Structures are given as structure tokens and as C-alpha cells.
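As you go down the protein sequences, you meet chains A and B in turn. Quick note: the first sequence, position 156, residue 156 per my numbering, numbers continuous. Every number in my numbering is 308 more than the matching position in the second sequence, counting from 1. We treat Cβ as the ideally placed atom computed from N, Cα and C, and that holds for glycine. Quick caveat: nothing in here was measured; it's all calculated off a predicted structure. These notes concern the structure reproduced below.
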Amino acid sequence: MAGEAQTATGYIQHHLQNMTYGKLPAGYTRADGSVLSESSWTMAHSSQEAADMGFWALHVDTLGWSIGLGLIFCFLFARAAKKATVDRPTGFQSFVELVTDFIDKLVKETFPHRNTMVAPMALTIFVWVFLMNLMDLVPVDWLPMAAAKISGNDHLFFKVVPTTDPNATLGMALAVFALMIFFSIREKGALGFLKELTLHPFHTGKWFFDVLLIPMNFLLEAVSLVAKPISLGLRLFGNLYAGEMIFILIAIVFGVGVFGFIGAGLLHMGWAIFHVLIIILQAFVFMVLSTVYMAMAHHRDDEHEHDQ
Amino acid sequence: MNINLTLIGQSITFLFFVWFCWKFVWPPLLGVMKEREQKIADGLADAEHAQKDLELAKRKAAEQLKEAKDQANEIIDGANKRANQIIDEAKQAAHSEGDRLKAAAKAEIDQEVNRAKEQLRSRVADLSVQGAEKILAVNIDAKAHDDLIDKLAAEL
Chain A
1 MAGEAQTATG YIQHHLQNMT YGKLPAGYTR ADGSVLSESS WTMAHSSQEA ADMGFWALHV
61 DTLGWSIGLG LIFCFLFARA AKKATVDRPT GFQSFVELVT DFIDKLVKET FPHRNTMVAP
121 MALTIFVWVF LMNLMDLVPV DWLPMAAAKI SGNDHLFFKV VPTTDPNATL GMALAVFALM
181 IFFSIREKGA LGFLKELTLH PFHTGKWFFD VLLIPMNFLL EAVSLVAKPI SLGLRLFGNL
241 YAGEMIFILI AIVFGVGVFG FIGAGLLHMG WAIFHVLIII LQAFVFMVLS TVYMAMAHHR
301 DDEHEHDQ
Chain B
309 MNINLTLIGQ SITFLFFVWF CWKFVWPPLL GVMKEREQKI ADGLADAEHA QKDLELAKRK
369 AAEQLKEAKD QANEIIDGAN KRANQIIDEA KQAAHSEGDR LKAAAKAEID QEVNRAKEQL
429 RSRVADLSVQ GAEKILAVNI DAKAHDDLID KLAAEL
């Protein structure tokens, strides 16, 4: 528990606040009562400050952990790939090959087009998102309290699970979305992409009707296009956020007497075991959906066009 | 839970890691895996080939063995036939030699018998002449009765 004087609400809120570095405007009254003489970049000392920073703020913990875990992934896999031998695969190489083979097969099934980037992307997503989700299994107070001790600041905000930050999941979804649009335009041309957005799903074959149908088509297609990255990002975020929330609630029960401690211990164990499934599943789902979206971007509806 | 610059930062990070994996992780890993796959496939093909060779060799050996056996049987049969032939020939030769000897012996015996008969006949003639001489107590002219005596001897 972080501080005995804290209320349960304060504890939860503290745990759900990212370490934010951003710009505060001049004349802003800080959490400790001081007033800023001029606008400056600084760490947020309260949730209100973080919110007031607006768009121009970075979640240092989210970026730090995600980049750190991504580097771990890159380092381990690149080393395994570099050291890989044909004759006798050793322990870690076998594991890496197992994962790679699994992804390769899956991508070959869902992505029938020629693009060497999609399979590595799927591997990156799967392992990276899994590692980020895995941070959820670290007891909720360990890393934040360690960070608070090291920094000497008891009220340090420190979220260790990047995927419980919508910025992280939506950021990745946004990158997938950008790749989708990029490949769509590369495969079909800008005109082809526009046609796809405006001449589907309603199409009569007579140009004057088609012109009338363009707004309708565009509305439908644009919504379905934009819904893809948003649902992709929010699905991962929602699952992990809910899981994290329950871990935090269980952590509160730890402080309620001996029975509370034992009960919370059992609950924590049960939820953690269940959560192992969720973190793998969500990493998998994010990867599969990204691959499917890439396949959609590469898909040319040729037969369809011939019919009309 | 504010949406802020982290969103863009995360997107860039994501693209960087994907690029890294695409360039430095995926190709060598898959290369090694493909190579091993090829190696295993080759090994299996070799094994199959060796198996086939072995089978072929076995069949060849069996064939040769059978041939050798056939040949041996042939030789034995030939030898047996030849032996029988030799025995037959020997039997025939023995048979004919026996017949020849028998015939010769018979001829000799007949000769002996005839000679003995001749002797006996002439002896009987002499004896009968002497007997008649003694009986008649006269000297009959042997020359005068030669015909008679010969007739008598022939009847004996």
C-alpha cells in the first residue's frame, strides 16, 4: 500500500495516473500552490496538472516501459537470429524459432499477398504487446514503490503497464492504420483507394446514379475504415485496463486485516492465473487483426469490378 | 488517461520496432529455419535412397543366391544322371561280357563233349571189336568188317 493516510480512492487514482512530462502555461497555479511566472516544460505533480497540459505532454512511464520492452524484444530476437545455427538449435533459439514459425504459418494463412513486412510486423506486435501485457502480472505496487524509493518522491506517478494507457494502444493502432492506408494506396493507387471508399458497397453501373450514391458510400466506408484502428486499440486497452483495475482493487483488500490478506492473496493468485490467458490472447488478437487489416489493404476486388 | 503526444511517440516507436524486426530479425531467422528444413528434407531423401539401395542389394543377393542354388542343383542333377548312365553302361557291359563268356564256355563245353563222344565212340568201337574177337575167338578181319563196326559205333 502506498502510504497509510491514503484513501482507497486516492490510491486507485494514484495508480491510474501516468508519469506525465508536459508544458504548463504561464500563470498556472501548481498543485503545491506556487504560480508559474512563465510557461515551462515540467513533470506533472497531480492528475489535474497532467490534464491541464493538454496534448503537448508525454507519458514518460508508458514510453519508457514500451521502448524498454521493445528493445528487450529486439535485442533478444536479433541476438538469437544472429547466433542461430542450422545444425543444433539451443534452448533460446528453439523458443524464438517456435514463435517465429507459429507467426509465419499464421500470417501465410491470413495474408496471401506478397509483402515481406507483414510477417515481421506480426511477430513484433505479438511479442512486444505480450511483453507489455506481461508487466500486468507484476504485483501492482512493486515497481511504483521501488521507483518512489529510488527517486525519493513518495507521490511519484508510475504506471508500468504501457497497454493500460490508451495512448500506447491507440498509438500502435494508428501506426497499423497508417500502414493500411499506405499499402492500400501503393497496391491500388490513390484513385483505386478513393474508388473503394466511394463506389462501394452501393453500385448501380450507371454513372449518374453512382454520383448520387457517393456520399452514402463514403460515409459507410469511412466509418468502417476509421472504426478499425479505434476498435483495435480500444480492445487491447479495455482488456488490460480492466485487468489492471481488478489487480488494484485486490491490492486494496491486502491491507484489511489477516483475513483480508489471505483472501486477497487467493484472489490475486486466481486473477493472475486467469490474466495469463488474457494477456496472451489480447496480444494474439491484436496481431491477427493487424494482419487481417493488412490483407484487406492488399486485397483488390477485381472480380467484383468485372461483374459490374 | 489523457490523449497526448504519447500517441505519436508510441506510433513512431512501433514503426521503428517493426522496421528493426523486418530488417534484422526476420530474414536471418527464417533463413536458418529454411536451411534446416532443406537439410532435413535432404537427409530424409538420402535415407530413403539408402533404404531403396539396401532393398535392391538384398534383392540382388537373394537372386544371386537362388541362381547359385539352381546351378548347384543342376550340377547335382547332371552328376546323378551321369552316375546312373555309367552304372547302366557298366551293367550292360557286364551283361554282354557275361553272355559272351557264357557262350564261349558253352561252345567249349560242346566241343569237349563232342570230342569226348568221339573218343568214347572210337573206344567203344575198339572195345566192341575186341569183345567180339574174344567172343568169336577168331581174328576177324578188321578191315573186312570196318563198315559193320563203324555202323555199330555210330549207333552207340
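Consult DSSP for residue i and reduce its assignment to one of helix, strand or coil.
{"i": "A:Val-223", "result": "helix"}
{"i": "A:Val-86", "result": "coil"}
{"i": "A:Tyr-21", "result": "strand"}
{"i": "A:Glu-4", "result": "Here the model assigns A:Glu-4 a pLDDT of 48, short of 50, so the residue's position is not dependable and the matter cannot be decided."}
{"i": "A:Leu-179", "result": "helix"}
{"i": "A:His-42", "result": "For the sequence presented, residue 42 of chain A should be read as Thr rather than His. Of the three classes helix, strand and coil, the one that applies to A:Thr-42 here is strand, per DSSP."}
{"i": "B:Ala-353", "result": "helix"}
{"i": "B:Phe-324", "result": "helix"}
{"i": "B:Thr-314", "result": "helix"}
{"i": "A:Thr-204", "result": "coil"}
{"i": "A:His-306", "result": "In this prediction, A:His-306 has a pLDDT of 43, which is less than 50 and means its spatial position is unreliable; what the coordinates show is noted afterwards. Here A:His-306 sits in helix by DSSP."}
{"i": "A:Val-331", "result": "Here chain A covers residues 1 to 308 and nothing more, so residue 331 of chain A does not appear."}
{"i": "A:Thr-116", "result": "coil"}
{"i": "A:Val-253", "result": "helix"}
{"i": "A:Ala-297", "result": "helix"}
{"i": "B:Val-437", "result": "helix"}
{"i": "A:Phe-157", "result": "coil"}
{"i": "B:Asp-536", "result": "Absent from the structure is residue 536 of chain B, since the part of chain B shown begins at 309 and ends at 464."}
{"i": "A:Met-245", "result": "helix"}
{"i": "A:Phe-111", "result": "coil"}
{"i": "A:Leu-63", "result": "helix"}
{"i": "A:Gly-152", "result": "coil"}
{"i": "A:Pro-139", "result": "coil"}
{"i": "A:Leu-199", "result": "coil"}
{"i": "A:Met-269", "result": "helix"}
{"i": "A:Asp-165", "result": "coil"}
Using a cut-off of 7 Å between C-beta atoms, extract the partners of residue i located in chain B.
{"i": "A:Pro-120", "result": "Val-326, Cys-329, Trp-330, Val-333 and Trp-334"}
{"i": "A:Ser-66", "result": "Gln-318 and Thr-321"}
{"i": "A:Thr-110", "result": "The premise fails here: A:Thr-110 is roughly 17 Å from chain B at the closest Cβ pair, so nothing lies under 7 Å."}
{"i": "A:Ala-50", "result": "Asn-310"}
{"i": "A:Ala-297", "result": "Those within 7 Å of A:Ala-297 in chain B number zero; the least Cβ separation is about 15 Å."}
{"i": "A:Ala-175", "result": "Ser-319, Phe-322 and Leu-323"}
{"i": "A:Gly-238", "result": "Per Cβ cutoff of 7 Å: no residues; A:Gly-238 is ~12 Å from chain B at best."}
Just to make sure I have the definition right: I need the residues of chain A whose C-beta is within less than 8 Å of the C-beta of residue i. Which are they?
{"i": "B:Leu-293", "result": "Residue coverage of chain B in this structure runs from 309 to 464, which leaves residue 293 of chain B outside it and unanswerable."}
{"i": "B:Asp-367", "result": "According to the sequence provided, residue 367 of chain B is Arg. The question's Asp does not apply to it. None at all; the shortest Cβ gap to chain A is about 35 Å."}
So which residues on chain B does residue i lean against when the C-beta distance must stay under 9 Å?
{"i": "A:Trp-207", "result": "None at all; the shortest Cβ gap to chain B is about 39 Å."}
{"i": "A:Ala-283", "result": "In chain order: nothing, as chain B lies at least about 14 Å away."}
{"i": "A:Gly-70", "result": "Thr-321, Phe-322, Phe-324, Phe-325 and Phe-328"}
{"i": "A:Gly-243", "result": "The premise fails here: A:Gly-243 is roughly 15 Å from chain B at the closest Cβ pair, so nothing lies under 9 Å."}
Listing by chain order, which chain A residues have their CB less than 9 Å from the CB of residue i?
{"i": "B:Trp-374", "result": "The amino acid occupying residue 374 of chain B in the given sequence is Lys; Trp does not appear at that position. The contacting residues do not exist; B:Lys-374 stays about 44 Å from chain A at best."}
{"i": "B:Phe-352", "result": "Checking the sequence, you will find Leu at residue 352 of chain B rather than Phe. What B:Leu-352 touches in chain A: nothing, since even the nearest Cβ is about 16 Å away."}
{"i": "B:Lys-347", "result": "Val-86 and Asp-87"}
What does DSSP give as the partner residues of residue i in its beta bridges?
{"i": "A:Leu-58", "result": "A:Tyr-21"}
{"i": "A:Thr-124", "result": "DSSP lists no partner for A:Thr-124."}
{"i": "A:Thr-100", "result": "Looking at the DSSP assignment, A:Thr-100 forms no beta bridge with any residue, so it has no partner."}
{"i": "A:Thr-29", "result": "A:Val-35"}
Could you name the residues of chain B that residue i contacts, counting a contact when the two beta carbons are closer than 8 Å?
{"i": "A:Trp-56", "result": "Asn-312 and Leu-313"}
{"i": "A:Met-287", "result": "Neighbours of A:Met-287 on chain B: none; closest Cβ ~12 Å, over 8 Å."}
{"i": "A:Met-117", "result": "Val-326 and Trp-330"}
{"i": "A:Thr-42", "result": "Neighbours of A:Thr-42 on chain B: none; closest Cβ ~14 Å, over 8 Å."}
{"i": "A:Thr-62", "result": "Thr-314 and Gln-318"}
{"i": "A:Val-123", "result": "Note on identity: in this sequence residue 123 of chain A is Leu, with Val being the wrong assignment. Those are Cys-329, Val-333 and Trp-334, listed as they occur along chain B."}
{"i": "A:Ala-31", "result": "Those within 8 Å of A:Ala-31 in chain B number zero; the least Cβ separation is about 16 Å."}
{"i": "A:Thr-227", "result": "The displayed chain sequence assigns Ala, not Thr, to residue 227 of chain A. Simply none; closest approach about 17 Å."}
{"i": "A:His-59", "result": "Asn-312 and Thr-314"}
{"i": "A:Gly-10", "result": "Chain B residues near A:Gly-10: none, gap ~16 Å exceeds 8 Å."}
{"i": "A:Gly-263", "result": "Near A:Gly-263 there are no residues of chain B at all, since even the closest Cβ is about 29 Å away, more than 8 Å."}
Quick one: which chain A residues come within Cβ less than 7 Å of residue i?
{"i": "B:Glu-343", "result": "Val-86"}
Does chain E have any CB closer than 8 Å to the CB of residue i?
{"i": "A:Leu-170", "result": "No chain E appears in the structure shown, which is made up of the protein chains A and B."}
Cβ-based contacts, 7 Å cut-off: residues of the stretch 126 to 137 of chain A near chain B: Trp-128
Contact list for the stretch 76 to 104 of chain A against chain B, Cβ threshold 9 Å: Listed in sequence order: Phe-77, Ala-78, Ala-80, Ala-81, Lys-82, Ala-84, Thr-85, Val-86, Asp-87, Pro-89, Gln-93, Val-96, Glu-97, Thr-100, Asp-101 and Asp-104.
Any beta strand (DSSP E) of 3 or more consecutive residues that is wholly inside the stretch 353 to 421 of chain B: none
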